[in-house]
Amino acid sequence: MFEELVGLSPAICWALSPIFYSRGLRNLSPVVGNFLRALPATIITFVSTTLILGIDKTFYLPTNAYIVLLLSGVIGLGLGDLLYLLSIKRIGPSHSITITSTYPLLTILISFLFLGENITFYVLAGTVLVVLGITIISRKNGGRRVDLVGIGLATLAALLWSISITLVGSISGSAHPLTENLWRTVGYILAAILILFFNRKNESFRLERTSIVHITLGGVVALNLGWASYIYSIELIGLSKATTLSSVSPIFTATTEFLLERKFRLNVFLGTFLTTIGIVLVTL
0 MFEELVGLSP
10 AICWALSPIF
20 YSRGLRNLSP
30 VVGNFLRALP
40 ATIITFVSTT
50 LILGIDKTFY
60 LPTNAYIVLL
70 LSGVIGLGLG
80 DLLYLLSIKR
90 IGPSHSITIT
100 STYPLLTILI
110 SFLFLGENIT
120 FYVLAGTVLV
130 VLGITIISRK
140 NGGRRVDLVG
150 IGLATLAALL
160 WSISITLVGS
170 ISGSAHPLTE
180 NLWRTVGYIL
190 AAILILFFNR
200 KNESFRLERT
210 SIVHITLGGV
220 VALNLGWASY
230 IYSIELIGLS
240 KATTLSSVSP
250 IFTATTEFLL
260 ERKFRLNVFL
270 GTFLTTIGIV
280 LVTL
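Per numbering that gives the first Met the number 0: the sequence shown = residues 0 to 283.
In structure tokens form, the structure reads like this:
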């Protein structure tokens, strides 16, 4: 029972973080927000990893591992998370996290296309449920479509996350999981700085304290607490089961948003339920 509770911890963290992001982005652009969440997360990850593992295990890696991990951070966290924040601002946390939580499915599809892995009945059944769930979520009450750009951004974010995960998987065993997460985070902060620099003329740097607090808390909850508990759950119950349990975060997000906003949307609830069941089937 303890192991399963630990396995659900990252799902809870990743479910709460978009609620913080949604509130923080009300008076903050996603580009600036992406940098603000990256900075404290990188510092915390750097300090904690160095203290836990020591200098040797933190900094001495094969050259190809450095390249792959930095690239994974740029693609998955720098670009993928930026698109994720953009989608949250356009379509809200419940819609966004449900769509982006299809990344395990996309990871398996990429593995099938490029690594030759077999697709089982569970994958096919899960795919149908995921597509059906997203279709339901992409409509508002009364049948009107929601922001298709926001849905596209969330879908693209999930794709970039799956590519990032596949890259990390290609060098599995080259370093400790905490070290891998650190160098992915370094790639993330570098990408966030570059994106902010090249887009600086279009950004407003008048920051409100509440926005900074919410976006920073979201980053710490997702990138530090979420990933730390995810890595610990992998050690306890294995990668497959840990991934399955962590993929149910849309249910927690939909529930939390309802409790905070007091707005029940049947299509979001039903779509979230079907998509989550589909993801679980895919990862069996």
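Ideal placement from N, C-alpha and C gives every residue a C-beta, glycine not left out.
Out of the options, which has the shortest C-alpha to C-alpha gap to residue i?
i: Leu81; options: Ala157, Arg205 and Gly168; result: Ala157
i: Pro42; options: Ala227, Leu235, Val73 and Thr184; result: The question names Pro, but residue 42 in the sequence shown is Ile. Of the listed residues, the one whose Cα sits closest to Ile42 is Thr184.
i: Val127; options: Ile109, Leu104, Ser93 and Glu202; result: Leu104
i: Ile54; options: Leu181, Arg89, Lys200 and Leu112; result: Leu181
i: Ile230; options: Arg264, Ile192, His175 and Thr62; result: His175
i: Lys200; options: Val30, Leu4 and Ile18; result: Val30
i: Gly75; options: Thr119, Tyr187 and Leu195; result: Tyr187
i: Arg36; options: Leu224, Gly217, Tyr121 and Ala227; result: Gly217
i: Leu147; options: Ile87, Val73, Phe45 and Leu4; result: Ile87
i: Gly6; options: Thr275, Gly225, Phe58 and Ile276; result: Gly225
i: Leu108; options: Ser95, Ile96 and Val122; result: Val122
i: Leu4; options: Leu235, Ala64 and Leu38; result: Leu235
i: Phe19; options: Thr274, Leu273, Thr275 and Val219; result: Val219
i: Thr275; options: Ile96, Leu85 and Leu84; result: Ile96
i: Leu159; options: Phe251, Gly72 and Ala241; result: Gly72
Taking the CB atoms as reference points, tell me whether residue i and residue j lie closer together than 9 Å.
i: Leu177; j: Ser21; result: no
i: Ala221; j: Ser8; result: no
i: Ile278; j: Gly125; result: yes
i: Leu244; j: Ala10; result: yes
i: Ser232; j: Ser100; result: no
i: Arg205; j: Ser93; result: no
i: Ile162; j: Asn33; result: no
i: Leu78; j: Ala190; result: yes
i: Cys12; j: Ser228; result: yes
i: Ile51; j: Ile98; result: no
i: Thr44; j: Asn198; result: no
i: Ala40; j: Glu179; result: no
i: Thr49; j: Thr57; result: yes
Does the ligand MG have even one heavy atom less than 8 Å from the beta-carbon of residue i?
i: Ala14; result: Among the components of this structure there are no ligands whatsoever, and the ligand MG is therefore not found.
Examine the Cβ distances between the segment 124-132 and the segment 269-278 and report whether three or more of them are shorter than 8 Å. Under the 8 Å Cβ criterion, the segment 124-132 counts as touching the segment 269-278, having at least three qualifying pairs.
Is it a yes or a no for the segment 21-34 touching the segment 202-210, going by three-plus beta-carbon pairs under 8 Å? Verdict: yes, contact present.
Does the count of Cβ pairs from the segment 161-174 and the segment 55-69 closer than 8 Å reach three? Per the Cβ contact rule, the segment 161-174 is in contact with the segment 55-69 (3 or more Cβ pairs under 8 Å).
Please give the ranges of any alpha helix (DSSP H) in the segment 174-199, keeping only runs that are unbroken, at least 4 residues long and fully inside the region. The segment 174-199 contains these whole alpha helix (DSSP H) runs: 176-197.
Scan the segment 21-96 and note each continuous alpha helix (DSSP H) run of 4 residues or more that stays entirely inside, going in chain order. Positions of the alpha helix (DSSP H) runs, each at least 4 residues long and wholly inside the segment 21-96, are given as 29-58, 62-71 and 80-90 in order along the chain.
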